[in-house]
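Novice: Using the numbering used here, the first residue of the sequence shown is number 26, and each one after it goes up by one.
Beta carbons are placed, not taken as given, at the ideal position from N, Cα and C, and that holds for glycine.
What follows is a structure written as structure tokens; I'll ask about it next.
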Amino acid sequence: MPQTSNDLSAAIALTRFGLGARPGEMARVAADPRGWLLGQIRPGGADQPQGDPESAATRLQAFRAYQTERREMRRADGDAASDRDPVQIAARMLREGTAVDFLARARLAATTPAGFRERWALFWANHFTVSAVKLITATVAGPFEQEAIRPHVFGRFEDLLVASTAHPAMLLYLDQAQSVGPGSQAAAVLGRRRQAGRAGGGLNENLAREILELHTVGVDGGYSQADVTEFARALTGWSVGGLREAEDRQGQFVFRVATHEPGARTVMGRTYPAGEVRQAGAVLKDLAAHPATARHLARKIARHFVADDPPPALVSRLEAAWTATGGDLAAVARALVAAPEAWDPAPAKFKTPYEFLISSWRAIGGQPAAIEHLAPPLNALGQRPFSAPSPKGWDETAATWAAPDAVIKRMTWAQGFSAVVAGELDPDVVARDALGARLTDPVRTAVARAESREEALSILLMSPEFQRR
């Protein structure tokens with residue numbers, strides 16, 4: 026592996042491990058690039074976005090109003106809702122709360138001095154995706170990341186897995202809250218409802234399948250459809266408090282004995298005795314410790330940070346650190362920083378739209394002031410806020426984001442962004458601060474020869490050196 030100077034190592038630390046350099050960061054990080062990264066790994070987890078402290082309570086109130094009014098309208102067979110309808114008003118309040126959460130997250134990313142810590146948190150948030158594709162999950166996508174992901178990203182993977190699985194956002198997103206065991210106490214009631222012609226749920230396998238396929242052992246992890254079904258039965262009872270329950274239980278994790286499938290379960294060759302809520306917890310613990318989980322997650326981390334087709338040696342290093350420590354994510358992060366393959370000077374990753382926008386704000390030392398600075402361009406670039414298209418999360422490969430049409434849209438945004446922010450900026454200084462030792466002579470020359478500050482900044486932002494990390 027080629028040796029790198031501290032200046033180049035600083036550029037790699039800030040642009041590959043982090044989210045891009047802010048003015049003056051290159052010089053500070055060059056003193057000890059690896060030490061700068063290691064210093065961001067801490068037991069307390071990732072930083073929390075500083076949004077409206079009342080937004081969560083407001084969303085809960087709006088959600089209660091939305092559910093209540095919608096139920097009443099269904100009972101009354103009311104007319105189609107208008108813009109003044111309480112349902113529409115509550116729905117709008119909920120979406121606005123989601124916007125507050127996303128803006129706070131982006132402002133943190135644009136200003137944090139700990140870019141590696143933030144990128145590490147965003148990786149895990151994408152791994153355990155909860156998408157705001159429907160109103161009920163839009164209300165909790167931000168709180169899910171803040172409550173289930175960020176506190177645990179440098180702890181034990183088992184704790185992160187349990188926290189994400191049990192969070193109301195995940196239970197609602199993957200329809201676990203309505204899952205009913207076929208042999209449970211509630212099944213007889215459900216059968217009578219079906220006989221009466223009223224809709225009802227049954228066993229739902231979505232969460233069990235995604236935990237196995239995406240969150241732990243991976244699609245090649247050795248599980249079968251029977252394992253999915255058995256795990257889904259173990260998970261029955263894991264639900265969310267509704268409007269008919271005590272106020273302190275509404276929107277919180279609850280275990281419903283009546284919907285839990287009784288009896289022992291066998292998942293991936295292991296038998297779990299009856300134990301109600303503890304049964305699924307025991308399955309999660311074993312999945313977290315499974316060797317296939319270490320392999321699956323090691324490769325995914327390497328692919329996110331280093332290359333779409335990561336070096337096998339890097340994957341092996343991360344897997345070894347995972348296995349040796351029982352899934353200690355701080356140890357895995359330190360192994361990533363220590364791996365020589367992660368410091369290859371060649372930038373092999375193409376930025377996602379979110380990474381592109383955030384690194385652009387960081388390059389000028391700014392931050393988005395309103396959701397309108399983020400949502401429209403991200404929608405146009407194909408990465409709608411908090412709205413990954415599936416439980417797989419956002420794809421991170423160049424093939425997804427580097428198509429000609431997508432690059433043209435980036436150029437359009439870069440030109441508009443530059444026209445607004447270039448002002449009194451010195452593009453030559455911005456280029457040096459943003460790319461450091463990764464700034465090539467062709468880009469330096471193109472920036473210097475541009476006819477205006479706006480054109481120079483656009484050239485920098487659209488350069489291959491800035492688009493890749």
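Take the Cβ of S204 as the centre, count every other Cβ of all protein chains shown within 10 Å, and call the residue buried at 16 or more, exposed below.
Specialist: Against the sequence shown, residue 204 aligns to sequence position 179. It counts as buried.
Novice: On the CB-based measure, 16 or more other CB atoms within 10 Å of its CB, does G461 come out buried or exposed?
Specialist: For the purposes of this step, residue 461 is taken as residue 436 along the sequence shown, with counting starting at 1. By the 10 Å Cβ count, G461 comes out buried.
Novice: Quick one: what's V265 bridged to in DSSP?
Specialist: Within the sequence shown, numbered from 1, the residue matching residue 265 stands at position 240. Partner(s): F278.
Novice: What distance in whole Å lies between the Cβ atoms of R387 and G45, which are believed to be in contact at a cut-off of 8 Å?
Specialist: Within the sequence shown, the letter at position 20 stands for residue 45. Within the sequence shown, the letter at position 362 stands for residue 387. Indeed, because the Cβ distance is near 4 Å, the residues count as touching under 8 Å.
Novice: Which word fits V54, buried or exposed, when buried means at least 16 other C-beta atoms lie within 10 angstroms of its C-beta?
Specialist: Sequence index remark: in the sequence shown, residue 54 carries index 29 (1-based). Classification of V54: buried, given that the 10 Å Cβ count is 16 or more.
Novice: Could you tell me if E476 is buried or exposed, where buried requires 16 or more neighbouring beta carbons within 10 angstroms of its beta carbon?
Specialist: Residue mapping note: residue 476 aligns to position 451 of the sequence shown, counting from 1. Around the CB of E476, fewer than 16 other CB atoms lie within 10 Å, so the residue is classed as exposed.
Novice: Since T291 is in the beta strand (DSSP E), which residue starts that stretch and which ends it?
Specialist: As a working mapping, residue 291 is identified with position 266 in the sequence shown. For T291, the enclosing beta strand (DSSP E) has its first and last residue at 290-292.
Novice: Do you know offhand how far A471's Cα is from T162's?
Specialist: Taking the first residue of the sequence shown as position 1, residue 471 is located at position 446. Taking the first residue of the sequence shown as position 1, residue 162 is located at position 137. Rounded to the nearest angstrom, the two C-alpha atoms are 46 Å apart.
Novice: Does the distance from the C-beta atom of R463 to that of T190 stay below 8 Å?
Specialist: Position 438 of the sequence shown holds residue 463. Position 165 of the sequence shown holds residue 190. No, Cβ-Cβ distance for R463 and T190 is not below 8 Å.
Novice: To the nearest angstrom, report how far apart F381 and Q492 are at their CA atoms.
Specialist: The residue labelled residue 381 in the question sits at position 356 within the sequence shown. The residue labelled residue 492 in the question sits at position 467 within the sequence shown. The alpha-carbon atoms of F381 and Q492 are separated by roughly 7 Å.
Novice: Using 8 Å as the Cβ pair cut-off and three pairs as the minimum, do the segment 396-408 and the segment 304-312 touch?
Specialist: At 8 Å Cβ cutoff, the stretches do not touch.
Novice: What residues match up with D353 in a beta bridge as DSSP calls it?
Specialist: Counting from 1 along the sequence shown, the entry for residue 353 is found at position 328. DSSP output for D353 lists R181 as bridge partner(s).
Novice: Which partner residues does T296 have in the DSSP bridge list?
Specialist: As a working note, residue 296 is residue 271 in the sequence shown. Answer is T291.
Novice: For a quick check, are the C-beta atoms of S385 and F330 less than 8 Å apart?
Specialist: Position 360 of the sequence shown, counted from the start, is the residue given in the question as residue 385. Position 305 of the sequence shown, counted from the start, is the residue given in the question as residue 330. Not closer than 8 Å, so no.
Novice: Can you give the beta carbon distance from D252 to N229, rounded, assuming they're within the 8 Å contact cut?
Specialist: Looking up residue 252 in the sequence shown gives position 227. Looking up residue 229 in the sequence shown gives position 204. In fact, because the Cβ distance is near 16 Å, the residues do not count as touching under 8 Å.
Novice: For the 8 Å Cβ check, are there 3 or more pairs between the segment 448-456 and the segment 272-284?
Specialist: no
Novice: Mapping DSSP to helix, strand and coil, what is R556?
Specialist: Residue 556 falls outside the range modelled here, since the chain spans only 26 to 494, and no answer is possible.
Novice: Where does F153 fall in DSSP's three states?
Specialist: Locating residue 153 in the sequence shown gives position 128, where the first residue counts as 1. Correct three-state label for F153: coil.
Novice: Check the C-beta distance from E143 over to D72 and give it rounded, since I have them as a contact under 8 Å.
Specialist: Numbered from its first residue, the sequence shown carries residue 143 at position 118. Numbered from its first residue, the sequence shown carries residue 72 at position 47. The pair is a contact, with the Cβ atoms about 7 Å apart (cut-off 8 Å).
Novice: Going straight from the alpha carbon of L33 to that of G390, what length do you get?
Specialist: In the sequence shown, the residue the question calls residue 33 occupies position 8. In the sequence shown, the residue the question calls residue 390 occupies position 365. Those two C-alpha atoms are separated by around 21 Å.
Novice: Kindly indicate the opening and closing residues of the alpha helix (DSSP H) around K325.
Specialist: In the sequence shown, counting from the first residue as 1, residue 325 sits at position 300. K325 -> alpha helix (DSSP H) spans 316-330.
Novice: Reducing DSSP to helix, strand and coil, say where F42 ends up.
Specialist: Taking the sequence shown and counting its residues from 1, one reaches residue 42 at position 17. Here F42 sits in helix by DSSP.
Novice: Less than 8 Å between the CB atoms is what I'm expecting for A207 and G180, so what's the real figure, rounded?
Specialist: Within the sequence shown, residue 207 is the residue found at index 182, counting from 1. Within the sequence shown, residue 180 is the residue found at index 155, counting from 1. As written in the sequence, residue 207 is Pro, which differs from the Ala given in the question. In fact, because the Cβ distance is near 36 Å, the residues do not count as touching under 8 Å.
Novice: Please look up how many angstroms separate the CB atoms of A134 and I174, rounded, as I've assumed it's under 8 Å.
Specialist: Along the sequence shown, one-based indexing puts residue 134 at 109. Along the sequence shown, one-based indexing puts residue 174 at 149. Between I174 and A134 the Cβ distance is about 14 Å, and since that is not below 8 Å, they are no contact.
Novice: Quick one: is M195 buried, meaning 16 or more other Cβ sit within 10 Å of its Cβ, or exposed?
Specialist: The residue you call residue 195 lines up with position 170 of the sequence shown. The residue is buried, with at least 16 neighbouring Cβ atoms inside 10 Å.
Novice: Please look up how many angstroms separate the CB atoms of R47 and V362, rounded, as I've assumed it's under 8 Å.
Specialist: As a first step, residue 47 must be located in the sequence shown, where it is residue number 22. As a first step, residue 362 must be located in the sequence shown, where it is residue number 337. Approximately 20 Å separates the beta-carbon atoms of R47 and V362; this is outside 8 Å, ruling out the contact.
Novice: Is the segment 321-330 close to the segment 294-311, with three or more CB pairs under 8 Å?
Specialist: no
Novice: From the DSSP secondary-structure annotation, give me the bridge partner or partners of F375.
Specialist: The residue given as residue 375 occupies position 350 in the sequence shown. In DSSP, F375 forms a bridge with R493.
Novice: Taking C-alpha atoms, which residue in G294, L160, L239 lies nearest to A308?
Specialist: Position 283 of the sequence shown holds residue 308. Reading off the sequence, residue 308 comes out as Val, not Ala. Per the Cα distances, G294.
Novice: S341 to L237, Cα distance in whole Å?
Specialist: Looking up residue 341 in the sequence shown gives position 316. Looking up residue 237 in the sequence shown gives position 212. S341 and L237: Cα-Cα distance of roughly 21 Å.
Novice: Report the rounded CA-to-CA distance for S264 versus Y198, giving the unit in angstroms.
Specialist: Translated into positions along the sequence shown, residue 264 becomes position 239. Translated into positions along the sequence shown, residue 198 becomes position 173. The straight-line gap from Cα to Cα measures roughly 11 Å.
Novice: Roughly how many angstroms separate the alpha carbons of A106 and F411, rounded to a whole number?
Specialist: Looking up residue 106 in the sequence shown gives position 81. Looking up residue 411 in the sequence shown gives position 386. Any reading at A106 needs caution, since the residue's pLDDT is 44, under 50, leaving its predicted position unreliable; the model's value is listed next. Roughly 26 Å separates the two Cα atoms.
Novice: Looking at the secondary structure, which residues open and close the alpha helix (DSSP H) in which E498 lies?
Specialist: Residue 498 is absent from the structure shown; the chain starts at 26 and stops at 494.
Novice: Please name the residue in L62, I37, A36 whose C-alpha comes closest to that of V357.
Specialist: As a first step, residue 357 is located in the sequence shown; it is residue number 332 there, counting from the start. When only C-alpha atoms are compared, the closest one is L62.
Novice: Pull up the distance between the alpha-carbon of G243 and that of H321, whole angstroms please.
Specialist: Against the sequence shown, residue 243 aligns to sequence position 218. Against the sequence shown, residue 321 aligns to sequence position 296. G243 and H321: Cα-Cα distance of roughly 6 Å.
Novice: Taking the alpha-carbon positions, what's the A289 to T261 distance?
Specialist: Locating residue 289 in the sequence shown gives position 264, where the first residue counts as 1. Locating residue 261 in the sequence shown gives position 236, where the first residue counts as 1. The alpha-carbon atoms of A289 and T261 are separated by roughly 13 Å.
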